[in-house]
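Take 1 as the starting number for the sequence shown in full-length UniProt numbering and just add one per residue.
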Amino acid sequence: MTTATAAASGQFMIEDVLPVNRLGYGTMQLTGPGVWGPPADPDEAVRVLRRAAELGVTLFDTADSYGPWVAEPLLRRALAPYGEDIVIATKAGLTRQGPDQWTPVGRPAYLRQQCEMSLRNLGLDRIPLFQLHRVDPDVPVEDQVGELRALKDEGKIAHIGLSEVSVEQIEQARAVAPIASVQNLYNLADRSAESVLDHCERHRIAFIPWFPLATGGLAKPGGPLEAIASRRSATPSQLALAWLLHRSPVMLPIPGTSSVEHLEQNVAAAGLELTEEDFDELTAAGASTS
């Protein structure tokens with residue numbers, strides 16, 4: 001398992017045209033405390049990103065608000081000019097007022113401005129996947145997604161995604177533009193987005209679970225993850241990722257880390273194949289904490 005690359009997780013075709021290895025990488029942890037400011041060691045952040053690409057990660061998830069304007073420039077520094085297989089997914093629609101503070105803004109002019117800034121900061125002519133980071137409750141969904149549709153028609157973005165949405169909101173958005181991905185909180189211990197995942201699977205929409213490694217009490221000493229991990233010579237985090245990959249073919253986990261060592265451990269999960277018994281045991285354990 002230690003020699004596995006992200007390719008072992010299999011491929012998913014976003015909107016049937018854009019291939020990515022299913023195990024990706026999320027850049028939120030490459031910023032300062034509270035997702036605010038630069039990392040303590042920017043050179044190490046660059047090493048993590050480059051090592052992820054070496055290990056076969058092709059989907060890199062980021063956002064203008066990570067820092068803000070910290071994670072995107074780090075991606076450019078580490079990986080530009082991007083290889084043909086690298087897919088950058090960024091997001092706009094959350095503003096920052098300080099550490100751990102996030103406020104949705106979905107006015108069309110603002111989303112357009114942020115798209116233009118992301119193009120500049122990432123060093124791209126077109127953003128492969130541009131996601132609405134949050135639905136602004138003060139702006140009609142149709143207006144927010146409509147602006148992304150206009151940006152797509154202009155060639156500035158290739159595919160449109162959503163984040164933290166309900167099934168109803170997905171369908172509202174799909175009435176305006178094709179939706180390639182949905183990014184909601186989902187992990188072994190928190191499956192509140194189960195109905196959204198099922199909806200995405202029915203419609204072949206990529207489901208990108210954020211906070212994929214949250215396991216809570218499941219990973220405590222003597223807990224069910226530790227027992228299965230010992231049996232499978234794996235770590236609890238690797239089991240959590242393997243469970244996600246097993247759960248649905250549209251699942252694209254994006255675990256983040258600021259450590260090369262942890263990155264390599266996470267990517268190794270791509271080569272961990274769960275038995276149905278393992279999967280059922282983990283599912284039952286997670287359900288008991290949901």
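Ideal Cβ placement from N, Cα and C applies to all residues, glycine included. Note that the structure is a prediction, hence the values are computed from the model and not measured.
- Ranked by Cα distance from L79, the first of K91, L263, R96, E54 is E54.
- DSSP, read as helix, strand or coil, puts A45 in helix.
- Put simply, the segment 32 to 51 touches the segment 97 to 106. At least three CB pairs are less than 8 angstroms apart.
- Here the alpha carbons of G222 and L18 stand approximately 42 angstroms from one another.
- The residue among A89, L239, E154 with its C-alpha nearest the C-alpha of P128 is A89.
- Rounded to the nearest whole angstrom, the C-alpha separation of Q11 and S258 is 25 angstroms.
- The beta carbons of R50 and G93 sit no closer together than 9 angstroms.
- Q131 is positioned such that its CB atom lies closer than 9 angstroms to that of I160.
- Following the DSSP letters along the chain, one finds V182 inside the beta strand (DSSP E) bounded by residues 181 to 183.
- In the three-state scheme derived from DSSP, where H, G and I count as helix and E and B as strand, I205 is classed as coil.
- Per DSSP, L74 is one residue of the alpha helix (DSSP H) stretching across 71 to 79.
- Judged by DSSP in its simplified three-state form, S258 adopts coil rather than helix or strand.
- With fewer than 16 other Cβ atoms inside 10 Å of its own Cβ, K220 counts as exposed.
- Within the same chain, Cβ atoms closer than 6 angstroms to the Cβ of A177 are found at V145, R149, I160, the five residues on either side in sequence being excluded.
- In the DSSP assignment, P108 falls within the unbroken alpha helix (DSSP H) covering 108 to 122.
- The Cβ atoms of P104 and D143 lie no closer than 9 angstroms to each other.
- Within the same chain, and ignoring the five residues on either side of G67 in sequence, the residues whose Cβ sits closer than 6 angstroms to its Cβ are T31.
- Of the other Cβ atoms in all chains shown, 16 or more fall within 10 Å of the Cβ of P224; this residue is therefore buried.
- Measuring C-alpha to C-alpha distances from E171 to each of L59, H199, P81 identifies H199 as the nearest.
- Within the segment 134 to 185, the runs of alpha helix (DSSP H) that reach at least 4 residues and sit entirely inside it are, in chain order, 141 to 153, 167 to 174.
- The three-state secondary structure of R96, taken from DSSP, is strand.
- For I228, the enclosing alpha helix (DSSP H) stretches over residues 224 to 232.
- Annotated three-state conformation of T90 is strand, per DSSP.
- Classified as buried, A45 has 16 or more neighbouring CB atoms from the shown chains inside 10 Å of its CB.
- Beyond the five residues adjoining it in sequence on each side, F211 comes within less than 7 angstroms, by CB distance, of L185, N187 in the same chain, given in chain order.
- Taking S237 as the centre and dropping the five residues before and after it, the same chain places the C-beta of L213 closer than 6 angstroms to its C-beta, in chain order.
- Going by beta carbons, V165 and V139 fall outside the 9 angstroms limit.
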